[in-house]
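Visitor: One structure coming up, written as structure tokens, with questions to follow.
There are 2 protein chains.
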Amino acid sequence: VNALIIVAHGSRRETSNLEILSLADKLKLEVGDRFKTVSVAFLELTQPSINDAVVSCFKQGANEVTILPYFLSAGNHVSEDVPAITQQLIEQWPDKAIKVIPHIGAAPAMIQLMSQVAVI
Amino acid sequence: VNALIIVAHGSRRETSNLEILSLADKLKLEVGDRFKTVSVAFLELTQPSINDAVVSCFKQGANEVTILPYFLSAGNHVSEDVPAITQQLIEQWPDKAIKVIPHIGAAPAMIQLMSQVAVI
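Chains R and G, in that order, are what the protein sequence lines are. Note that the working numbering has the first sequence beginning at 493, numbered continuously upward. Note that the working numbering has the second sequence beginning at 493, numbered continuously upward.
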């Protein structure tokens, strides 16, 4: 059973955090064939943490978790924080599979998306 | 003459800032018919600022500048900082057109992009 977790930075603005939750709901409709659940975790300023979100997936029966860092560039959060948290989880849950895929900003199709929105 | 400026947060990691510059170069190939230049500005931690980038476009002959906030969610940077800086520029340059388009995370096609990258 596969679970997808979108990891975002987290904001003091509740509307900003709700934007991510809404995105997860929409994404679920697209990836429902691959992932039984799509949930959200935040690095800072709000909850749940990556740790809480991953454990929650395991409790719901997931044995494979994919973490999608919802960040545009590879700053410290992407390069250090997410890998460190994930590494700790991997050690704590040796019978589960946890993997981190590249941050969304690294997707080759990001250029096309930017081109679509860049209107005069 | 239209100029496009990608506004990113800025990072302490130079590789992260260079990632944005590289993206701008690639985007230029896609939007060259619409924008004479594609440049980058940062809100924090590195240069150039939005102000410097906009003025630089004007000096290069642009009379219309489109600002693309390269942010995934509408936190304070998107909701307050970028609009405030832009408003000040609009007042300082009444004979120029400066507009801010929605942040990249608000693009409807973001869901498809996330679906593409979310692999098991």
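Cβ atoms here follow ideal geometry from the backbone N, Cα and C, with glycine treated the same way. Since the structure is predicted, the reported quantities are computational estimates derived from the model, not experimental observations.
Between R:Leu605 and chain G, is there a C-beta pair that is closer than 7 Å?
Guide: yes
Visitor: I want to see whether chain G comes within less than 7 Å of R:Glu572, judged by CB atoms only; does it?
Guide: no
Visitor: Tell me which residues of the stretch 551-566 of chain R have at least one Cβ-Cβ distance to chain G shorter than 9 Å, keeping chain order.
Guide: Result list: Glu556, Thr558, Leu560, Tyr562, Phe563, Leu564, Ser565, Ala566.
Visitor: Which one of G:Lys588, G:Ser565, G:Phe563, G:Thr558 has the shortest CA to CA distance from R:Ile612?
Guide: G:Thr558
Visitor: Answer yes or no: do R:Gly597 and G:Arg505 have a C-beta to C-beta separation smaller than 7 Å?
Guide: Taking C-beta atoms as the reference points, R:Gly597 and G:Arg505 fail to come closer than 7 Å.
Visitor: Using a C-beta to C-beta distance shorter than 8 Å, which residues of chain R count as neighbours of G:Val611?
Guide: Arg526, Thr558, Ile593
Visitor: Please decide whether G:Ala601 counts as near chain R, where near means a Cβ-Cβ distance under 7 Å.
Guide: yes
Visitor: Comparing C-alpha positions only, which one of G:Leu496, G:Val547, G:Gly553, G:Glu536 sits nearest to G:Asp525?
Guide: G:Leu496
Visitor: So is R:Glu583 buried or exposed if we call it buried at 16+ other beta carbons inside 10 Å?
Guide: exposed
Visitor: Have a look at the DSSP bridge pairing and note the partners of R:Phe534.
Guide: As a beta-bridge residue in DSSP terms, R:Phe534 pairs with R:Ala500.
Visitor: Taking the Cβ atom as the reference point for each residue, do R:Leu560 and G:Ala610 lie within a distance shorter than 7 Å?
Guide: yes
Visitor: Report the option in G:Asp517, G:Val546, G:Ser565 whose CA atom is closest to the CA atom of R:Ala516.
Guide: G:Ser565
Visitor: Measure the alpha-carbon distance for R:Pro594 versus R:Pro575 and round it to whole angstroms.
Guide: Straight-line Cα distance between these residues: approximately 11 Å.
Visitor: Within the continuous beta strand (DSSP E) that includes R:Leu560, where are the two ends?
Guide: 556-561
Visitor: In terms of residue numbering, what span does the beta strand (DSSP E) encompassing R:Ala589 cover?
Guide: 589-592
Visitor: Near G:Phe550, which residues of its chain fall below 8 Å by C-beta distance, leaving aside the five closest residues on each side in sequence?
Guide: The residues are Val557, Trp585, Lys588.
Visitor: Compute the Euclidean distance between the alpha carbons of G:Glu536 and G:Gly502, then round it to the nearest angstrom.
Guide: 5 Å
Visitor: What span of residues does the alpha helix (DSSP H) with G:Glu506 cover, start to end?
Guide: Here the alpha helix (DSSP H) through G:Glu506 covers 506-523.
Visitor: With R:Asp573 as the anchor, note down where its alpha helix (DSSP H) starts and where it stops.
Guide: Counting along the chain, R:Asp573 falls outside any alpha helix (DSSP H), and DSSP gives it neither H nor E.
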